[in-house]
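Here is the structure we will look at.
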Amino acid sequence: MLSSYLIIFISLWLHLGHRTLYIGVHVPIGKKSHRRHRHHGHRHRKRSRELDPGLDDGRESPTYYTPSQRVQFLLGTEDDDEEHIPHDLFTELDEICLKDGEDTEWRETARWLKFEEDVEDGGERWSKPYVATLSLHSLFELRSCILTGIVLLDMRASSVEEVAGIETVGPLGDEVRRKVRESLLKQHHHQNQKKLANRIPIVRSFADKKQSEPQSTDKNDLHFMKKIPPGAEASNVLVGEAEFLDKPVVAFVRLSPAVMLNGLAEVPIVTRFLFILLGPLGKGPQYHEIGRSIATLMTDEVFHDVAYKAKDRNDLIAGIDEFLDQVTVLPPGEWDPSIRIEPPKNVPSQVSLDLSLINLGDDEVHEGHGGPELQRTGRFCGGLLLDIKRKAPHYLSDYTDALSLQCLASFLFLYCACMSPVITFGGLLGEATEGRIVRHHAYSLFAGQPLTILGSTGPVLVFEKILYKFCKEYGLSYLSLRTCIGLWTAFLCLLLVATDASSLVCYITRFTEEAFASLICIIFIYEALEKLIHLGKHYPINMNNNLDKLTRYSCSCVEPPDPSNATLRYWEQNNITASEIYWEALEVKDCIKRRGEFVGSACGPHGPYIPDVLFWSVVLFFSTVFMSAFLKEFKFTRYFPTKVRAVISDFAVFITIFTMVLVDYVLGVPSPKLKVPSVFKPTRDDRGWLISPLGGNPWWTTIITVIPALLCTILIFMDQQITAVIINRKEHKLKKGCGYHLDLFVVGIMLGVCSIMGLPWFVAATVLSISHVNSLKLESECSAPGEQPKFLGIREQRFTGLMIFLLMGCSVFMTSVLKYIPMPVLYGVFLYMGASSLRGIQFFDRLKLFGMPAKHQPDFIYLRYVPLRKVHLFTIIQLSCLVMLWVIKTSNYAIVFPMMVRKCLSPSFLPGS
1 MLSSYLIIFI
11 SLWLHLGHRT
21 LYIGVHVPIG
31 KKSHRRHRHH
41 GHRHRKRSRE
51 LDPGLDDGRE
61 SPTYYTPSQR
71 VQFLLGTEDD
81 DEEHIPHDLF
91 TELDEICLKD
101 GEDTEWRETA
111 RWLKFEEDVE
121 DGGERWSKPY
131 VATLSLHSLF
141 ELRSCILTGI
151 VLLDMRASSV
161 EEVAGIETVG
171 PLGDEVRRKV
181 RESLLKQHHH
191 QNQKKLANRI
201 PIVRSFADKK
211 QSEPQSTDKN
221 DLHFMKKIPP
231 GAEASNVLVG
241 EAEFLDKPVV
251 AFVRLSPAVM
261 LNGLAEVPIV
271 TRFLFILLGP
281 LGKGPQYHEI
291 GRSIATLMTD
301 EVFHDVAYKA
311 KDRNDLIAGI
321 DEFLDQVTVL
331 PPGEWDPSIR
341 IEPPKNVPSQ
351 VSLDLSLINL
361 GDDEVHEGHG
371 GPELQRTGRF
381 CGGLLLDIKR
391 KAPHYLSDYT
401 DALSLQCLAS
411 FLFLYCACMS
421 PVITFGGLLG
431 EATEGRIVRH
441 HAYSLFAGQP
451 LTILGSTGPV
461 LVFEKILYKF
471 CKEYGLSYLS
481 LRTCIGLWTA
491 FLCLLLVATD
501 ASSLVCYITR
511 FTEEAFASLI
521 CIIFIYEALE
531 KLIHLGKHYP
541 INMNNNLDKL
551 TRYSCSCVEP
561 PDPSNATLRY
571 WEQNNITASE
581 IYWEALEVKD
591 CIKRRGEFVG
601 SACGPHGPYI
611 PDVLFWSVVL
621 FFSTVFMSAF
631 LKEFKFTRYF
641 PTKVRAVISD
651 FAVFITIFTM
661 VLVDYVLGVP
671 SPKLKVPSVF
681 KPTRDDRGWL
691 ISPLGGNPWW
701 TTIITVIPAL
711 LCTILIFMDQ
721 QITAVIINRK
731 EHKLKKGCGY
741 HLDLFVVGIM
751 LGVCSIMGLP
761 WFVAATVLSI
771 SHVNSLKLES
781 ECSAPGEQPK
791 FLGIREQRFT
801 GLMIFLLMGC
811 SVFMTSVLKY
821 IPMPVLYGVF
831 LYMGASSLRG
841 IQFFDRLKLF
851 GMPAKHQPDF
861 IYLRYVPLRK
871 VHLFTIIQLS
881 CLVMLWVIKT
891 SNYAIVFPMM
901 VRKCLSPSFL
911 PGS
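According to UniProt numbering, the sequence shown holds residues 1 to 913 in order.
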């Protein structure tokens with residue numbers, strides 16, 4: 001036996017050359033797997049069989065120098081026989097110990113969908129899924145079993161009896177053959193049946209009755225069946241000891257077609273493979289390890305396909321040798337074999353890594369933004385017409401695809417999230433223009449990319465401030481001049497659409513995207529914190545507290561001893577006689593309204609100190625942030641069933657806001673609340689619903705405004721298209737196509753309408769759009785135990801965006817409810833959105849590397865192939881550009897910062913940059 005192992009080891013070493021032999025966990029090194037590429041066609045790639053002298057009735061594969069070449073040939077062929085098309089496999093390991101005078105049965109001890117799960121007899125439960133670790137000895141013994149045992153490929157059988165009868169044919173005596181057959185036909189006892197048997201007697205008797213019925217399943221089976229992919233087949237591994245045997249009986253069977261063998265598998269699916277190993281007593285642990293080895297091999301991508309397509313025994317041996325060529329050794333003196341390795345979050349596919357394809361941004365190839373939607377047509381409105389043709393077939397599905405609880409959670413979250421930007425930017429816009437614009441948002445039903453959320457952004461606010469300041473200095477009508485600029489901007493946007501100017505988007509690099517997205521996220525975080533700090537001005541802290549003098553604290557309203565000219569003029573206009581007013585009896589609002597003064601030790605700059613409000617606002621603010629983040633990650637915890645965790649995660653922000661509002665209402669602290677107008681009307685009484693482009697301005701302003709309109713067009717174009725590029729990234733796996741030209745067309749039309757009506761200009765809001773996409777991520781519902789759900793794409797539909805703004809329009813009729821929402825809660829949502837949108841921006845991952853020692857740095861793919869100094873240099877350049885953009889944004893030249901974003905060209909000293 002030792003000599004045979006030595007010969008096998010030497011032959012392996014010879015065909016492996018000078019490669020290192022690894023045993024343990026499979027490592028991808030250059031062999032392409034076809035498991036995920038099912039061949040459903042009937043084309044057959046013909047191979048010349050005249051070159052192979054070893055063909056035996058058309059069943060033998062060509063002879064090759066190495067197992068790798070044999071496996072590559074085998075996986076590269078396309079069979080016209082559907083029976084050889086690989087399917088997902090469920091593997092079950094059953095064991096038995098046969099002794100004279102004992103009535104035993106097959107007992108399930110382990111199972112595999114992707115990772116191993118063992119039956120823990122002590123706890124009468126399944127173990128946590130873990131990565132199977134195998135011994136070198138068991139793999140070599142498995143290879144020897146396949147080499148010397150019975151191998152039946154494409155066997156036709158309809159029952160276990162037929163399988164048992166054929167498998168026992170061999171150099172065995174009739175009596176031994178009969179006992180082997182009886183052993184294979186013994187009843188199989190599964191873990192779920194054990195759970196039923198341990199219940200109360202009535203339930204137990206009912207469970208026994210169910211066990212006697214074929215293919216009976218309980219609730220646990222149904223739950224586990226949901227994790228098995230549709231069309232999956234079973235692979236049964238049967239190992240055990242038999243007292244009547246003096247040498248092992250080994251068989252590997254592939255059934256064709258796959259059949260339902262009643263009672264053999266834990267779940268009611270057809271069986272494709274059987275591996276049988278019965279041997280003498282005393283070697284139970286050894287047989288168990290061989291069974292684990294073949295079960296683990298059946299879950300391996302490469303061997304799995306080899307098993308389906310193998311034509312003879314040699315193909316199976318080549319598959320095992322290929323597995324041995326790819327596994328990793330764990331030294332016994334430095335590792336405890338009893339330790340269970342947790343399944344990794346991302347399992348690499350066994351495809352060779354081409355270093356020339358690695359870029360700094362992703363593990364996958366970043367191919368830019370080129371595509372048919374960004375190709376210049378050379379025709380008038382050619383790109384727009386192609387966008388309409390591309391999106392029209394999906395228009396109905398944009399509504400039917402929204403029939404999901406996830407969409408309800410998304411629009412409730414975005415509705416609450418949009419309230420904060422409306423208050424922040426809408427309030428600032430009202431302050432900057434003295435309330436001359438109606439605060440309004442709209443959403444188009446005809447956008448090319450309905451996942452994009454529109455709204456007023458920081459750059460637009462800066463432009464409005466500069467324009468209003470200019471009109472005020474030169475005595476021009478602000479709304480009329482703004483209408484002219486808006487109409488010119490709308491015309492220029494439509495001109496860009498007609499000339500396919502959106503095709504320039506393909507030149508926007510990942511470097512530019514990250515700089516812009518980082519800046520917008522930082523603006524969100526900065527604005528949220530600024531609004532919280534600003535509450536300190538309205539609710540100041542009394543810094544002169546003295547606990548011994550609390551009974552002397554007072555604040556009363558008195559007549560101003562030396563009223564200013566403005567106060568006297570106000571009294572005269574409103575017929576107020578100061579001497580006739582009983583000032584001490586006035587409430588705070590009345591005192592402020594009549595221009596009185598506050599006197600006393602409990603008085604602040606703007607009135608009496610209001611205790612607890614600022615501190616309570618801070619508590620609400622940060623509680624909202626942390627609770628939203630915690631509930632959003634709740635689906636990754638171990639509590640509650642999967643669906644419950646998913647619902648809690650989807651409704652995380654809505655649950656947080658509801659909780660914070662309820663706590664604030666119960667405590668009764670007078671925190672600042674959301675103020676929503678109760679009627680639809682313009683913000684000022686001196687303006688109507690429509691604005692004249694000329695108004696009181698000279699006629700030539702209608703022409704000269706084309707110059708600022710050029711700047712505004714660049715602002716709108718860059719804001720809209722950079723956000724669209726971020727939303728349409730390939731990693732989002734969008735299936736309904738993009739619509740850059742159609743998006744800009746709709747934005748241009750709405751820009752003209754909003755200008756005439758005096759409404760705010762809107763454009764794609766980056767952080768809101770990213771939050772919208774993140775809330776609609778689709779993950780696989782069917783995943784193996786221990787396997788992370790796979791990202792499938794985004795639920796592309798129009799319902800959520802439409803409902804967000806319809807609900808915002810209906811907020812006028814919900815003032816009785818919305819008035820209870822504390823503003824610090826909305827500011828907290830604002831901060832949460834900005835912080836959560838930073839995820840996935842690689843710039844911040846690289847920024848954290850500056851403070852990490854090399855041994856603690858994450859295993860990013862680019863750190864393997866790019867020197868750390870170059871990574872730091874790249875990050876410093878990107879950080880410098882971001883700082884420059886922030887400086888420009890906060891200066892008087894802020895309207896040019898989108899152009900500066902475009903000028904931030906990606907350096908070329910890093911691969912894939």
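Backbone N, C-alpha and C fix where the C-beta goes; we use that ideal spot for every residue, glycine too.
The structure displayed is predicted, hence computed values, not measured ones.
How many angstroms separate the CA atom of residue i from the CA atom of residue j?
i: isoleucine 228; j: valine 871; result: 43 Å
i: aspartate 612; j: proline 867; result: 53 Å
i: glycine 30; j: glutamate 266; result: Confidence at glycine 30 is low in this model, with a pLDDT of 39, below 50, so its placement is unreliable and the value that follows should be read with caution. Each residue's alpha carbon lies about 35 Å from the other.
i: alanine 515; j: glutamine 842; result: 10 Å
i: lysine 469; j: isoleucine 704; result: 18 Å
i: phenylalanine 621; j: glycine 828; result: 5 Å
i: serine 617; j: histidine 534; result: 11 Å
i: glutamine 247; j: leucine 172; result: For the record, residue 247 in the displayed sequence is lysine; it is not glutamine. Near 10 Å, if we compare the C-alpha coordinates of leucine 172 and lysine 247.
i: glutamine 857; j: aspartate 845; result: 10 Å
i: serine 564; j: isoleucine 821; result: 38 Å
i: glycine 455; j: methionine 543; result: 40 Å
i: glutamine 326; j: valine 237; result: 23 Å
Among the options, which one has its Cα closest to the Cα of residue i?
i: phenylalanine 524; options: Leu330, Ala835, Gly607; result: Ala835
i: cysteine 493; options: Ala517, Leu384, Gly600, Leu414; result: Leu384
i: lysine 309; options: Phe446, Leu153, Ser404, Thr702; result: Leu153
i: valine 259; options: Gln842, Trp700, Ala232, Gln191; result: Ala232
i: arginine 839; options: Phe874, Ile770, Thr815, Phe813; result: Ile770
i: proline 785; options: Pro230, Met543, Glu117; result: Glu117
i: leucine 396; options: Arg846, Ile657, Phe446, Ile756; result: Phe446
i: phenylalanine 850; options: Ile876, Ser811, Leu831, Tyr539; result: Ile876
i: tryptophan 689; options: Leu278, Lys391, Leu479; result: Leu479
i: threonine 723; options: Thr713, Lys735, Lys733, Tyr740; result: Tyr740
i: glycine 149; options: Leu316, Val131, Ala157, Ser159; result: Leu316
i: leucine 136; options: Lys589, Ser159, Ser518, Ile320; result: Ile320
i: valine 661; options: Ala110, Pro824, Glu124, Cys381; result: Pro824
i: serine 579; options: Arg798, Arg594, Leu818; result: Arg594
With DSSP run on the structure shown, which of helix, strand or coil describes residue i?
i: histidine 39; result: Confidence at histidine 39 is low in this model, with a pLDDT of 38, below 50, so the placement of that residue should be treated as unreliable; the coordinate-derived value is given next. Three-state result, histidine 39: coil.
i: serine 183; result: helix
i: arginine 864; result: helix
i: aspartate 664; result: helix
i: glycine 536; result: helix
i: histidine 189; result: strand
i: phenylalanine 244; result: coil
i: phenylalanine 791; result: strand
i: threonine 624; result: helix
i: serine 518; result: helix
i: glycine 840; result: coil
Keeping to the same chain, check which residues put their C-beta closer than 7 Å to that of residue i; ignore five residues upstream and five downstream.
i: serine 293; result: Leu134, Ser138, Leu139, Leu142
i: lysine 99; result: Glu243
i: tryptophan 596; result: Reading off the sequence shown, one finds glycine at residue 596, where the question assumed tryptophan. Cβ neighbours of glycine 596 beyond the five flanking positions: Cys557, Val558, Glu559, Pro560, Trp583, Leu586.
i: phenylalanine 413; result: Val653, Phe654, Ser775
i: leucine 631; result: Ile648, Ser649, Ala652, Ile655, Thr656
i: proline 693; result: Ser480, Thr483, Cys484, Leu487, Thr702
CB-CB under 8 Å to residue i, same chain, minus the five flanking residues each way: which ones, in chain order?
i: residue 951; result: Only positions 1 to 913 of the chain appear in the structure, and residue 951 is not among them; the question remains open.
i: threonine 104; result: Ile96, Cys97, Leu98, Lys186
Give every residue of the same chain whose Cβ lies closer than 6 Å to the Cβ of residue i, excluding the five residues on either side of it in the sequence, and list them in chain order.
i: residue 965; result: In this structure the chain extends from 1 to 913, so residue 965 is not present and cannot be described.
i: glutamine 878; result: Phe843
i: phenylalanine 745; result: Leu384, Val497
i: glycine 668; result: none
Tell me the start and end of each unbroken alpha helix (DSSP H) in the region 552-612 that is at least 4 residues and wholly inside, in chain order.
565-573, 588-593
What runs of the alpha helix (DSSP H), each 4 residues or longer, lie entirely inside the region 694-723?
701-704
Whole beta strand (DSSP E) elements within the region 106-150, 3-residue minimum:
Complete beta strand (DSSP E) runs here, min 3: 106-112, 116-120.
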